[in-house]
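Below is one structure, written out as structure tokens; comments come after it.
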Amino acid sequence: MVNLAQTISDIQSLKIQGATNVAKAALQALETVSDDQLESAIEQLISTRPTEPLLQNCLNLIKLQGKGMIGPTLAKLEELGKLVTENGIELIKDGVNILTHCHSSTVLQSLKAAKQQGLSFKVYATETRPLMQGHKTAEELIAAGIETTMVTDSEAAMLVSQEDQIKIDLVLLGADALTSKGIYNKVGSYGIALSAQKAGVPVYVLAKLLKFSKEKVEIEEREGKEIWADKPRDLEIYNPGFDFVPKDLITGVVTEFGILKPEKLEQTVKKNYPWIIDNSDPLFAGHGQIFNLPPYKHYLHLGEKVDKTKNLLATFILKVSSGEDFLQTAGGLGAESSVGTWTEVSTQFQKTWEILHARILEADGTSGIIKIAYPLELFEPGNIAQLLSSVAGNIYGLKEVAHLKLLDLELPEIYVKSFPGPGFGIEGIRRISGVYGRPLLGTIIKPKLGLDYQEHAKAVIAAYEGGLDFVKDDENLTSQTFNPFEKRVTEVMKYLIDSNQLSKICAFNVTAETGIMLKRAEFIKQKGGNCAMIDILTSGFAAVQSLRKQNLGLILHGHRAMHAALTRNPIEGISMLVLAKLARLAGIDSLHTGTVVGKMEGGQKEVVEINNFLRSEWYGIKPTLPVASGGLYPNLIPDLMRILGKDMLFNFGGGVHGHPDGTKAGVKAITQAVQAVMMGKSLQEYGKDHQELKVAIEHWNNI
Numbered sequence: 051m052v053n054l055a056q057t058i059s060d061i062q063s064l065k066i067q068g069a070t071n072v073a074k075a076a077l078q079a080l081e082t083v084s085d086d087q088l089e090s091a092i093e094q095l096i097s098t099r100p101t102e103p104l105l106q107n108c109l110n111l112i113k114l115q116g117k118g119m120i121g122p123t124l125a126k127l128e129e130l131g132k133l134v135t136e137n138g139i140e141l142i143k144d145g146v147n148i149l150t151h152c153h154s155s156t157v158l159q160s161l162k163a164a165k166q167q168g169l170s171f172k173v174y175a176t177e178t179r180p181l182m183q184g185h186k187t188a189e190e191l192i193a194a195g196i197e198t199t200m201v202t203d204s205e206a207a208m209l210v211s212q213e214d215q216i217k218i219d220l221v222l223l224g225a226d227a228l229t230s231k232g233i234y235n236k237v238g239s240y241g242i243a244l245s246a247q248k249a250g251v252p253v254y255v256l257a258k259l260l261k262f263s264k265e266k267v268e269i270e271e272r273e274g275k276e277i278w279a280d281k282p283r284d285l286e287i288y289n290p291g292f293d294f295v296p297k298d299l300i301t302g303v304v305t306e307f308g309i310l311k312p313e314k315l316e317q318t319v320k321k322n323y324p325w326i327i328d329n330s331d332p333l334f335a336g337h338g339q340i341f342n343l344p345p346y347k348h349y350l351h352l353g354e355k356v357d358k359t360k361n362l363l364a365t366f367i368l369k370v371s372s373g374e375d376f377l378q379t380a381g382g383l384g385a386e387s388s389v390g391t392w393t394e395v396s397t398q399f400q401k402t403w404e405i406l407h408a409r410i411l412e413a414d415g416t417s418g419i420i421k422i423a424y425p426l427e428l429f430e431p432g433n434i435a436q437l438l439s440s441v442a443g444n445i446y447g448l449k450e451v452a453h454l455k456l457l458d459l460e461l462p463e464i465y466v467k468s469f470p471g472p473g474f475g476i477e478g479i480r481r482i483s484g485v486y487g488r489p490l491l492g493t494i495i496k497p498k499l500g501l502d503y504q505e506h507a508k509a510v511i512a513a514y515e516g517g518l519d520f521v522k523d524d525e526n527l528t529s530q531t532f533n534p535f536e537k538r539v540t541e542v543m544k545y546l547i548d549s550n551q552l553s554k555i556c557a558f559n560v561t562a563e564t565g566i567m568l569k570r571a572e573f574i575k576q577k578g579g580n581c582a583m584i585d586i587l588t589s590g591f592a593a594v595q596s597l598r599k600q601n602l603g604l605i606l607h608g609h610r611a612m613h614a615a616l617t618r619n620p621i622e623g624i625s626m627l628v629l630a631k632l633a634r635l636a637g638i639d640s641l642h643t644g645t646v647v648g649k650m651e652g653g654q655k656e657v658v659e660i661n662n663f664l665r666s667e668w669y670g671i672k673p674t675l676p677v678a679s680g681g682l683y684p685n686l687i688p689d690l691m692r693i694l695g696k697d698m699l700f701n702f703g704g705g706v707h708g709h710p711d712g713t714k715a716g717v718k719a720i721t722q723a724v725q726a727v728m729m730g731k732s733l734q735e736y737g738k739d740h741q742e743l744k745v746a747i748e749h750w751n752n753i
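Under the working numbering, residues 51 to 753 are what the sequence shown spells out, in order.
Pasting the structure below:
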């Protein structure tokens, strides 16, 4: 979190250099200040650099409009910098020698941009005593591949005079302040400009018009110890930080509105930034047109820090449609997903907007990554459907958006605790199953559809007799005519009760219309079952929450059928990490997350990240057991256990039922493979004395 006192100290000590950087740091520091301390904080920050109108003008705007203007102001500074840079490039030609003084980020950006366009030129940079800001200038130029020579301050005027052996073609200066009579810049600028005028060398100043001051600027006199720390006692030192360059020594001022004659500055400022001239309070109703910004850019708070205990943070990747502005579109996402609309409405008062609008904290047009902070007040506790309607709703339909993917959600503690989370979690599942120290092993009955309820029950019984801990229905088996739900449950539970194997887990798929789904869960409980399975996406998170709220004492097993429609495209949809977080909130005890190996989509890094989250501490919410399922067979178990660990459920479908010697042999092959890994033996070695594993290795060896 940005600290006001530290920011003030860093500005005073020149740890933060450059008028734009100073203004940005001050604006970000104001975000940490309460409303009743805002005016005092602004006065303190302005006093750190009394010669810098950019700082004063930006902070005075916040004083007039409130903290809601901090984001738009930061966004505007970014935009203006780019415009000045583009206009400055026009001055730079192939083969020229350029002199610059001190460290102007605006001048540097234009020089770097010109170099990137393939122009070849040489820069002479002054050392800029006493604090040697020119060193930073030279370092940046060299890093950009620009031929650079450093000269002493006392040589600069002679260098530009044309009396020296080196011919300077152009002088580019920054400015700490613009006025109708001239500019203020680092001390030494006057001598350079005077010498340049005499020699006929053009002098251009690159600066945002927000640096304009209608008043005479006080020249800061800095401490003498910067020049001579252990000076003689009676020696006086005069150390002005800046000097004044009259307008008749300036060829033109490069601004966001083009290259202007100095006498045109005040007129242009009055037209575009009127509060600087007459201290007027610009109209601002919710998201008006300060700075002539498009409305959505008022949602930009780039670089701002927020209190994570009071805000929900969403990370997206955004690709904009052809010809659309990235920052404006990012702001549009914040508006549409919070309190904004395409037009101003009478109910949208400034105070409400300031409190509730989403804030775009990051917006990188190159990577497409944006991060949005949403005030917690925007969300109803315990309501996933409403959450998704906000952060993953209408924003996908904006015409400015070509592609959009929700990558992550960071949820504050108070919001997380508004959900019950899993009823059992990993520890509860292990307690019911009696399985500790190894992964749980399960199967999906295959074929997924077509068996009648008696054939289905026989396959379940074979899996349990072979030694598996878990059996589940497939995602599209619910209650078809050939395999009715109630008959399937009754047949399987009769076996488990009669054989006294109630520690075995059988996940019966209850997916259906919510009322029917809840009745099916009740039926499982009545028959002595311990687990209900739900297709979380096709049913919807509201249905999952309803099932959890029923609180029947059933393990809730979550299948992610249809997830790839949302997760597979790297720049479109919703990530599996987000879906996993929502499933855990909703109360899912075990969740399919990907296999890393096998037939289903899911890269190792992504799956491991999801699994680590599901098993992690999360404000007291019980952890969810990750499930690997899809295309698994015994040969893969060493890699599965090495990559995914032991707190897992491994589900095998064809990898059990496709064993040449049948389902029971397939189950034994799986358990034998796990035993081999636990004993530190290779599958081949262990298979020598375990026929089922040996056959499985040979059968699936070429897959």
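For every residue, glycine included, the Cβ atom is placed at its ideal position computed from N, Cα and C.
Inset, instruction - Write down the C-beta distance between PRO489 and VAL724 rounded to the nearest angstrom, noting that I regard them as a contact closer than 8 Å. - result: Correct: roughly 7 Å between the Cβ atoms.
Legend entry - Touch test, the region 456 to 468 against the region 480 to 495, Cβ-Cβ under 8 Å, three pairs minimum: With contact defined as three or more Cβ pairs closer than 8 Å, the region 456 to 468 and the region 480 to 495 are not in contact.
Legend entry - Close beta carbons around PHE474, own chain, < 6 Å, minus the five adjacent residues each side: Contacts found: ILE605, ASP639.
Legend entry - Presumed contact (8 Å Cβ cut-off) between ASP519 and LYS554, rounded CB distance: ASP519 to LYS554, Cβ: 7 Å. Contact.
Inset, instruction - For TRP392, collect the residues of the same chain with a Cβ closer than 7 Å to its Cβ; drop the 5 residues on either side in sequence, then sort them by chain order. - result: Because the pLDDT of TRP392 is 46, which lies under 50, any placement of that residue in the model is unreliable, and the number read from its coordinates should be weighed accordingly. For TRP392, where only same-chain residues beyond five positions count, there are no Cβ hits under 7 Å.
Inset, instruction - Could you check which residue in GLU213, ARG272, GLY250, TYR503 has the C-alpha nearest to that of LYS236? - result: Looking at the Cα atoms, ARG272 is the closest of the given residues.
Inset, instruction - Select from ARG283, GLY565, HIS407 the residue whose C-alpha is nearest the C-alpha of GLY274. - result: Of the listed residues, the one whose Cα sits closest to GLY274 is ARG283.
Inset, instruction - Confirm, please, whether the CB-CB distance from LEU149 to VAL173 is below 9 Å. - result: Yes; because the gap between Cβ atoms is below 9 Å, this pair is in contact.
Inset, instruction - Assess, as a yes-or-no matter, whether the region 403 to 413 is touched by the region 115 to 128 under the definition of 3 or more beta carbon pairs within less than 8 Å. - result: With the cut-off at 8 Å, the region 115 to 128 and the region 403 to 413 touch.
Inset, instruction - Would you check if the distance between the CB atom of THR175 and the CB atom of ALA188 is smaller than 9 Å? - result: What sits at residue 175 in the sequence shown is Ala, not Thr. Yes.
Legend entry - Same chain, Cβ closer than 6 Å to ILE445, neighbours up to 5 away in sequence not counted: Same-chain partners within the cutoff: LEU383, GLU386, SER387.
Inset, instruction - Have a look at LYS449 and SER371 and give me their C-alpha separation to the nearest angstrom. - result: So the alpha carbons of these two residues sit roughly 7 Å apart.
Inset, instruction - Count the other CB atoms, across all protein chains shown, that sit within 10 Å of the CB of VAL532; report buried if there are 16 or more and exposed otherwise. - result: One point to set straight first is that residue 532 is Phe, not Val, in the sequence displayed. Per the 10 Å Cβ criterion, exposed.
Legend entry - Coarse secondary structure for ASP414, derived from DSSP in three states: Three-state result, ASP414: coil.
Legend entry - Cutoff 7 Å; reference PHE294; Cβ partners in own chain excluding five residues on either side: Only residues of its own chain outside the window of five on either side were considered, and among them GLY232, TYR234, TYR240 have a CB closer than 7 Å to the CB of PHE294, listed in chain order.
Legend entry - Option in ASN71, GLU190, LEU114, LEU130 with minimal Cα separation from LEU105: For the options ASN71, GLU190, LEU114, LEU130, the alpha carbon positioned closest to that of LEU105 is the one of ASN71.
Legend entry - Contacts around GLN378, its chain only, beta-carbon distance under 8 Å, and the 5 residues preceding and following it disregarded: Excluding positions up to five away in sequence, the list reads PRO344, TYR346, LYS347, GLU450.
Inset, instruction - Output the distance between the C-alpha atoms of SER529 and PHE558, rounded to the nearest integer angstrom. - result: Cα to Cα, the separation comes out at about 10 Å.
Legend entry - Same chain only: Cβ atoms within 6 Å of ASP214, ignoring 5 sequence neighbours per side: In chain order, MET208 place their CB closer than 6 Å to the CB of ASP214, counting only its own chain and leaving out the 5 sequence neighbours on each side.
Legend entry - Closest by C-alpha distance to LEU362, when choosing among GLY302, ASN137, LEU438: Checking every option, the nearest Cα to that of LEU362 belongs to LEU438.
Legend entry - GLU748 classed as buried or exposed, judged by whether at least 16 other C-beta atoms fall within 10 angstroms: Exposed is the call here.
Inset, instruction - Can you tell me which of the three DSSP states THR674 falls into? - result: Residue state, collapsed to three classes: coil.
Inset, instruction - Please classify LEU552: is it buried, with 16 or more other beta-carbons within 10 angstroms of its beta-carbon, or exposed? - result: Using a 10 angstroms sphere on the CB of LEU552, the tally of other CB atoms stays under 16, which defines it as exposed.
Inset, instruction - Please look up how many angstroms separate the CB atoms of LEU682 and PHE702, rounded, as I've assumed it's under 8 Å. - result: Rounded, the Cβ-Cβ distance is 5 Å, consistent with contact.
Legend entry - Contact check, LEU161 vs LEU191, beta carbons under 9 Å: Result yes, Cβ atoms of LEU161 and LEU191 sit closer than 9 Å.
Legend entry - Own chain, CB closer than 7 Å to LEU310, minus 5 neighbours either side, in chain order: Once the five neighbours on either side are set aside, the close Cβ partners of LEU310 are GLY302, VAL303, THR318.
Inset, instruction - Could you please give me the residues that DSSP links to GLY623 through a beta bridge? - result: DSSP output for GLY623 lists LYS455 as bridge partner(s).
Inset, instruction - Compute the distance between the beta-carbons of ILE92 and ALA75, then report whether it is under 9 Å. - result: Note that the C-beta distance between ILE92 and ALA75 is not below 9 Å.
Inset, instruction - Would you kindly report the start and end of the unbroken beta strand (DSSP E) that includes THR528? - result: For THR528, there is no enclosing beta strand (DSSP E), since its DSSP letter is neither H nor E.
Legend entry - Where GLU271 sits in the DSSP three-state scheme: Strand, per DSSP.
Legend entry - Coarse secondary structure for GLY516, derived from DSSP in three states: In the structure shown, GLY516 sits in a helix (DSSP, three-state: H, G or I).
Inset, instruction - Alpha carbon to alpha carbon, how far is HIS351 from GLU81? Give it in angstroms, no decimals. - result: Computed Cα separation, rounded: 10 Å.
Legend entry - Presumed contact (8 Å Cβ cut-off) between HIS151 and GLY238, rounded CB distance: Rounded, the Cβ-Cβ distance is 6 Å, consistent with contact.
Inset, instruction - Excluding the 5 residues preceding and the 5 following ALA633 in the sequence, name in chain order all residues of the same chain whose CB lies nearer than 6 Å to its CB. - result: So the list reads ILE586, GLY608, LEU641, once near-sequence residues are dropped.
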